[in-house]
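J.:
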Amino acid sequence: MSDKTIRQRRDRTHWLYLAVIAAVLAGILVGWLAPGFGKGVGELGTLFVNLIKMMIAPVIFCTIVLGIGSVRAAAKVGKVGGLAIGYFLIMSTVALGIGLLVGNLLHPGSGLNVAAHAKEVTKYATDAKAAGGTWQFLEDIVPTTLLSSLTSGKVLQALFVALLVGFGIQAMGSAGEPILRGVASVQKLVFRILTMILWLAPLGAFGAMANVVARTGLDAVKQLALLMVAFYLTCVVFIFGVLGVLLRTVTGASIFKLVRYLAREYLLIFATSSSESALPRLIAKMEHVGVDRTTVGVVVPTGYSFNLDGTAIYLTMATLFVADAMGKPLAWHEQLGLLLFMIVASKGAAGVTGAGLATLAGGLQSHRPELLDGVGLIVGIDRFMSEARALTNFSGNAVATLLIGTWTKTIDPARVTAVLDRRIPFDEALMVEDHAPAVEPRKDLVPA
């Protein structure tokens, strides 16, 4: 492919993301000046996010099957997966602690009257009950059928089946090579479809922003400004402080350069308020930056279910906010018990509409039912806070991929430096044409 052709492709995607920014600004104005129309176009945002979610299971399935099926030993995948789970648990605990610290220092909910919002919480309490507990979460990992894992919309089911298929192909030896080539072709098709869907991002961003501004109004946002600002600042400190220091210490890379490298993905997440919309692009960019495909295929999808740093911070601060607003603050031992429960429950609520609110309501209902009515106060600003949650979760998964790649020696440090320094730019065409190359025969299976 010529340099001229590559520049033309990049120029088109550049205009796409400028259109997303314009659509967000237009949505804010429409929601503010014409709230009736703003509520009417809200479904555009929902439809776009649903289109993205439709592609998540195929992306995860193809990526993991290709990653695992191409490696020589299953022990390599087990080592990466075990290290990833351990790291995710530690970072969730750190995020929880930071949220507790900020919430106890600021007490943003003190003096608020939440009686007028009490009725709004009923829906989220029902969602939380339907989501089930920890055992239900574990049961839901196993799908009803092999194919239902790709249609149920549950990420962990697709991950589970992909692992089984990947290890099965690996055990088949050379007989599994045609299957790998077929999966590689399917992956190309999946990314082609995804690229077409992403051109609808401006419509989705416009509908989502117009709807939320129309429903909450600017005054409602101002009323809860302290909580929002505190949450956003906490997420910034976590990303550039905790994750940045860890990234620099372990890999020598700069968090600022990594954020710049993922700038378009951040914009897409901000517009859709969903980190899932950038999952396929994160997979492609982590491979491009120099992390082994197997490591990326295990860490990134697993992180989307287990590495929820932004959600952990949100749950801690929102819980303390509700308790203070109701005039019934939590003691330290109550805070720890309740919030540890929520970290586990948040994984069971994955895929539930309003999962953050549903988990918050479920935790309060289980531990402090008298605080449940206070969750209604969060409803008006949850959409705005969900963007920071998604951005923080996404950042945590990007950093985790580089860290685990370094610890398992499945990364090319020289390429990481070159890519983050913009010496090897990411080609948008890779999302369609070159991201899923033909599978080469494994050397360990070629007869001597």
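Per our numbering, the very first residue in the sequence shown carries number 96; after that it's consecutive. Yeah, the Cβ is synthetic: ideal placement off N, Cα and C, and Gly gets one too. Quantities reported herein were computed from a predicted structural model and do not represent experimental measurements.
Keeping to the same chain, check which residues put their C-beta closer than 8 Å to that of residue 245; ignore five residues upstream and five downstream.
T.: 152, 153, 156, 253, 256
J.: Does the beta-carbon of residue 534 have 16 or more other beta-carbons within 10 angstroms, so that it is buried, or is it exposed?
T.: Reliability of the predicted coordinates at residue 534 is poor, the pLDDT of 38 falling under 50, and the value obtained from them is presented with this limitation in mind. The residue is buried, with at least 16 neighbouring Cβ atoms inside 10 Å.
J.: Hey, how far is the Cα of residue 274 from the Cα of residue 290?
T.: 24 Å
J.: On the criterion of 16 or more Cβ atoms from any shown chain inside 10 Å, does residue 234 qualify as buried, or is it exposed?
T.: exposed
J.: How should residue 516 be labelled, buried or exposed, when 16 other C-beta atoms within 10 angstroms of its C-beta is the threshold for buried?
T.: exposed
J.: Could you tell me whether the Cβ atoms of residue 493 and residue 353 are closer together than 8 Å?
T.: Closer than 8 Å, so yes.
J.: Going by DSSP, name the residue or residues bridged to residue 38.
T.: The structure shown does not extend to residue 38, since the chain is modelled only from 96 to 543, so the question has no answer here.
J.: Have a look at 242, 328, 133, 487 and flag the residue whose alpha-carbon is nearest the alpha-carbon of residue 308.
T.: 133
J.: Would you list, in sequence order, the uninterrupted alpha helix (DSSP H) runs of no fewer than 4 residues that lie entirely inside the stretch 264-349?
T.: Fully enclosed alpha helix (DSSP H) runs of 4 or longer: 272-293, 296-318, 320-332, 339-346.
J.: Could you pull out every residue in the same chain whose Cβ sits closer than 8 Å to the Cβ of residue 570, ignoring the five residues on either side in sequence?
T.: No answer is possible for residue 570: it lies beyond the span of the chain, which begins at 96 and ends at 543.
J.: Would you give the residue range spanned by the alpha helix (DSSP H) that residue 417 belongs to?
T.: 404-420
J.: With a 10 Å radius around its C-beta and 16 neighbouring C-beta atoms as the bar for buried, classify residue 402 as buried or exposed.
T.: Flag for residue 402 reads buried.
J.: If you reduce the DSSP assignment to three classes, tell me which class residue 494 lands in.
T.: helix
J.: Measuring straight from C-alpha to C-alpha, what distance separates residue 418 and residue 326?
T.: The alpha-carbon atoms of residue 418 and residue 326 are separated by roughly 16 Å.
J.: Exposed or buried, residue 509, counting other C-beta atoms within 10 Å across all chains shown (16 or more means buried)?
T.: exposed
J.: Output the distance between the C-alpha atoms of residue 357 and residue 323, rounded to the nearest integer angstrom.
T.: 24 Å
J.: Just the Cα atoms here: how many angstroms apart are residue 237 and residue 128?
T.: Taking the Cα positions, residue 237 is about 48 Å away from residue 128.
J.: Cutting at 6 Å between CB atoms, please list the residues of its own chain near residue 260, excluding the five before and the five after it.
T.: 160
J.: Judging by CA-CA distance, which residue of 185, 430, 486 is the nearest neighbour of residue 360?
T.: 486
J.: Since residue 392 and residue 163 should fall inside the 8 Å C-beta cutoff, what is the C-beta to C-beta distance between them, to a whole number of angstroms?
T.: 7 Å
J.: How many angstroms separate the CA atom of residue 426 from the CA atom of residue 415?
T.: Using only the alpha carbons, I get a separation of about 10 Å.
J.: Less than 7 Å between C-beta atoms, sequence neighbours within five positions excluded: which residues of the same chain meet that for residue 190?
T.: 333, 404, 407, 408
J.: How is the alpha helix (DSSP H) around residue 134 delimited, first residue to last?
T.: 130-135
J.: With a threshold of 16 other CB atoms inside 10 Å of the CB of residue 320, please say whether the residue is buried or exposed.
T.: exposed
J.: What is the DSSP secondary structure of residue 141, reduced to helix, strand or coil?
T.: helix
J.: Pick out whichever of 522, 123, 511 has its Cα sitting closest to the Cα of residue 93.
T.: The chain is shown from 96 up to 543; residue 93 falls before or after that span and cannot be answered.
J.: Quick one: grab the DSSP three-state call for residue 121.
T.: Three-state result, residue 121: helix.
J.: Output the distance between the C-alpha atoms of residue 193 and residue 339, rounded to the nearest integer angstrom.
T.: 15 Å
J.: Closer than 7 Å by C-beta to residue 385: which residues in its own chain qualify, once you throw out the five before and the five after it? Chain order, please.
T.: 506, 507, 510, 511, 514
J.: Quick one: is residue 428 buried, meaning 16 or more other Cβ sit within 10 Å of its Cβ, or exposed?
T.: exposed
J.: Of all Cβ atoms in chain B, is any one closer than 8 Å to the Cβ of residue 409?
T.: You won't find chain B in this structure, because it holds only one protein chain.
J.: Determine whether the beta carbon atoms of residue 140 and residue 296 lie at a separation below 8 Å.
T.: no
J.: Alpha carbon to alpha carbon, how far is residue 143 from residue 305? Give it in angstroms, no decimals.
T.: Those two C-alpha atoms are separated by around 14 Å.
J.: In whole angstroms, what is the alpha-carbon distance linking residue 498 and residue 183?
T.: 11 Å
J.: Taking just the CA atoms, how far does residue 115 sit from residue 147?
T.: 16 Å
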